[in-house]
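To keep things clear, I will list the structure first and then write my remarks on it.
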Amino acid sequence: MCNYYKANIQRGEFVYLTIYREAVEFFLEKTTLKKMTIKEILEIENANTDMINLFKEGIFWRVYQKSAYYFVRHIKELKVLKKFYKIVNCEVVYAGFPDTILPQIQELAQSKWFKFEKCNEKHCAVSGVAVDNGFEEWKNSIKIQVPVQSNKNYVSTNLDKRKEVVIEKLKGYSLANHTPIEIMALVMELQKELAVFKPE
0 MCNYYKANIQ RGEFVYLTIY REAVEFFLEK TTLKKMTIKE ILEIENANTD MINLFKEGIF
60 WRVYQKSAYY FVRHIKELKV LKKFYKIVNC EVVYAGFPDT ILPQIQELAQ SKWFKFEKCN
120 EKHCAVSGVA VDNGFEEWKN SIKIQVPVQS NKNYVSTNLD KRKEVVIEKL KGYSLANHTP
180 IEIMALVMEL QKELAVFKPE
């Protein structure tokens with residue numbers, strides 16, 4: 000590859016080759032970029048002392064751990080969440096914002112005399128943040144995110160209770176003491192009770 004470049008540079012095609020090489024490198028970088036795993040992000044954040052790392056995930060940018068701490072203290076208030084990740088066996092704090100406001104975040108950071116650098120399509124870095132040792136105390140003050148019970152559990156529980164009521168009515172109903180029309184009326188009543196609240 001180097002010999003090819005040298006040969007073509009001698010023929011006066013330096014500008015063309017430079018543009019081509021940059022285009023190829025850009026293409027390779029774009030195709031190999033992938034979403035970073037939480038393990039990779041934590042490796043970066045564990046070594047972080049004075050930077051804000053922003054990672055693109057889908058249509059959002061996220062800040063984790065110390066980056067989240069520095070971001071909400073120095074750039075902009077965001078809702079910070081805490082979650083336990085089994086894969087790394089620890090609690091992680093993070094916050095995020097939509098990709099559409101990244102230019103505003105960049106302006107805001109630069110207006111506060113921080114250096115904003117777009118490392119690649121999935122990673123930006125803000126440098127010039129003063130070292131602060133308050134991260135652990137701040138992290139401990141954030142409550143862990145508890146998953147909200149879904150409606151399906153409620154539907155299932157409610158339906159189970161209704162089934163129990165219907166079974167108890169059937170157990171206490173003597174067929175021998177009722178006419179076929181009365182039995183049909185009971186069956187229709189029980190069907191209505193079960194149909195009032197159908198699971199999705």
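Note that numbering that gives the first Met the number 0 has the sequence shown beginning at 0, numbered continuously upward. Using N, Cα and C, we set each Cβ at its ideal position, and we do this for glycine too. Bear in mind that the values here come from a model prediction, so they are computed numbers and not experimental data.
Taking C-alpha atoms, which residue in 64, 105 and 164 lies nearest to residue 136?
Within the sequence shown, the letter at position 137 stands for residue 136. The residue with the shortest Cα to Cα distance from residue 136 is 64.
In terms of DSSP beta bridges, what is residue 123 paired with?
Within the sequence shown, residue 123 is the residue found at index 124, counting from 1. Beta-bridge pairing links residue 123 to 53 and 117.
Any idea what DSSP makes of residue 46, helix, strand or coil?
Reading the sequence shown from its first residue, position 47 is the one you call residue 46. Here residue 46 sits in helix by DSSP.
For a test of the three-state rule: what should DSSP assign to residue 92, helix, strand or coil?
Mapped onto the sequence shown, residue 92 falls at position 93. In this structure, residue 92 counts as strand in the three-state DSSP scheme.
Taking the alpha-carbon of residue 87 as reference, which of 45, 164 and 69 has the nearest alpha-carbon?
As a position in the sequence shown, residue 87 is number 88, starting the count at 1. Of 45, 164 and 69, the residue nearest in Cα terms is 45.
For the region 64 to 109, list the beta strand (DSSP E) runs that are entirely contained and at least 3 residues long, ordered along the chain.
80 to 84 and 89 to 97
Test item: CB-CB of residue 113 and residue 130 under 8 Å:
Here residue 113 refers to the residue found at position 114 of the sequence shown. Here residue 130 refers to the residue found at position 131 of the sequence shown. Going by C-beta atoms, residue 113 is not nearer than 8 Å to residue 130.
How long is the line joining the alpha carbons of residue 123 and residue 190, rounded to whole angstroms?
Sequence index remark: in the sequence shown, residue 123 carries index 124 (1-based). Sequence index remark: in the sequence shown, residue 190 carries index 191 (1-based). Distance between the alpha carbons of residue 123 and residue 190: 60 Å.
Measuring CB to CB, does residue 51 end up less than 8 Å from residue 74?
For this step, residue 51 is matched to residue 52 along the sequence shown. For this step, residue 74 is matched to residue 75 along the sequence shown. Their beta carbons are under 8 Å apart, which means residue 51 touches residue 74 by this criterion.
DSSP three-state label for residue 128, please.
In the sequence shown, counting from the first residue as 1, residue 128 sits at position 129. Residue state, collapsed to three classes: coil.
Integer-rounded CB distance, given that residue 77 should sit under 8 Å from residue 96:
The residue labelled residue 96 in the question sits at position 97 within the sequence shown. The residue labelled residue 77 in the question sits at position 78 within the sequence shown. Correct: roughly 6 Å between the Cβ atoms.
State the start and end residues of the unbroken alpha helix (DSSP H) segment that holds residue 137.
Locating residue 137 in the sequence shown gives position 138, where the first residue counts as 1. Here the alpha helix (DSSP H) through residue 137 covers 134 to 139.
Reference residue 42, options 66, 186 and 165, closest by Cα
Translated into positions along the sequence shown, residue 42 becomes position 43. Nearest C-alpha to residue 42: 66.
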